[in-house]
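Numbering (the working numbering), first residue to last: -1 to 270. Built from N, CA and C at the ideal position, the CB exists for glycine as well. Small disclaimer: the values here were computed from a predicted structure and weren't measured.
As structure tokens, then:
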């Protein structure tokens, strides 16, 4: 599933073309990927300008000059790419945004359809939609915020995965950040020392930025806005490395289930 670095990489790739662009047409190729505003989206968006692209956690936000909001979530297999308007449509392309005076368009494809599109004509519609606001953004998480979150009686891996506690992290970057900060994934959040909290906040930011610098991680479906694979998977230190030696100490990486998710860690570097 695309996490914060993958979503942010896509947004940064789209911005030079999309920011300030006028929407010429909207094409819905599969109606059930539009989870809100299906009846309004075709008429409301053409002729409007994309004021800016933004992000909330793993959500991609198109801020429209009318005050409307278009939200796209990639789910597990979604891609949001910029492609020539005359390029053949890839299978499972469900939604297209044509841009005025551009040879390219924005395409959303999602084979497994765990993602989707939400359209809200006004900010009030978005607020009343039932879509909950997310927690503080992991890319800018600070020690005081993480210290307050660590008061909760939960395993640290479960806490970091909770998008309403801290937004943007998924399985990959939880495992990598916990390894970097020498914290076992089953550690109760309330048991973290002040130094561990400081190290973890720093490790989260550093891990996410390192992935951003590598264009994110491609394990299967993820692609950047221009269709390229990410490269951070080559730098994984624990994630998806069960049975391989730790790059730090040489001990064999183990896998357990934590917070209902497959979890990778080094038993020597991350003692419980």
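Check whether the Cβ of residue 17 sits closer than 7 Å to any heavy atom of the ligand GTP, and report yes or no.
The ligand content of the structure shown is nil, which means the ligand GTP is not present either.
If you compare alpha carbons, which of 210, 158, 44, 3 is closest to residue 176?
Within the chain shown, the letter at position 178 stands for residue 176. Per the Cα distances, 158.
Between which residues of its own chain and residue 221 is the CB-CB distance below 7 Å, once the five residues before and five after are set aside?
Along the chain shown, one-based indexing puts residue 221 at 223. The residues are 77, 79, 227.
Under the three-state reduction of DSSP, which class applies to residue 8: helix, strand or coil?
Here residue 8 is taken as the residue at index 10 of the chain shown, counted from 1. If DSSP states are grouped into helix, strand and coil, residue 8 belongs with the helices.
Just to confirm, is the Cβ distance from residue 21 to residue 46 under 8 Å?
Start at 1 with the first residue of the chain shown, and residue 21 comes out as number 23. Start at 1 with the first residue of the chain shown, and residue 46 comes out as number 48. For residue 21 and residue 46, yes; Cβs fall inside 8 Å.
Take every Cβ of the region 176 to 185, pair it with every Cβ of the region 207 to 221, and state whether three or more of those distances are shorter than 8 Å.
no
Every unbroken alpha helix (DSSP H) within the region 161 to 238, with a cutoff of 4 residues, ordered by chain
169 to 178, 192 to 211
Does the contact criterion of 3 or more C-beta pairs under 8 Å hold for the region 60 to 68 versus the region 139 to 153?
no
Pairwise C-alpha distance: residue 171 and residue 205
Walking along the chain shown from the start, residue 205 turns up at place 207. Walking along the chain shown from the start, residue 171 turns up at place 173. Taking the straight line from one Cα to the other gives about 7 Å.
With distances taken Cα to Cα, identify the nearest neighbour of residue -1 among 250, 99, 85, 71.
Sequence index remark: in the chain shown, residue -1 carries index 1 (1-based). The residue with the shortest Cα to Cα distance from residue -1 is 71.
Residues in its own chain within less than 7 Å of residue 29 by CB, not counting five upstream and five downstream?
Along the chain shown, one-based indexing puts residue 29 at 31. Around residue 29: 36.
Compute the Euclidean distance between the alpha carbons of residue 114 and residue 31, then round it to the nearest angstrom.
Reading the chain shown from its first residue, position 116 is the one you call residue 114. Reading the chain shown from its first residue, position 33 is the one you call residue 31. Near 5 Å, if we compare the C-alpha coordinates of residue 31 and residue 114.
Does the Cβ of residue 108 have 16 or more other Cβ atoms within 10 Å, making it buried, or fewer, making it exposed?
Walking along the chain shown from the start, residue 108 turns up at place 110. Its Cβ being crowded by 16 or more others within 10 Å, residue 108 is buried.
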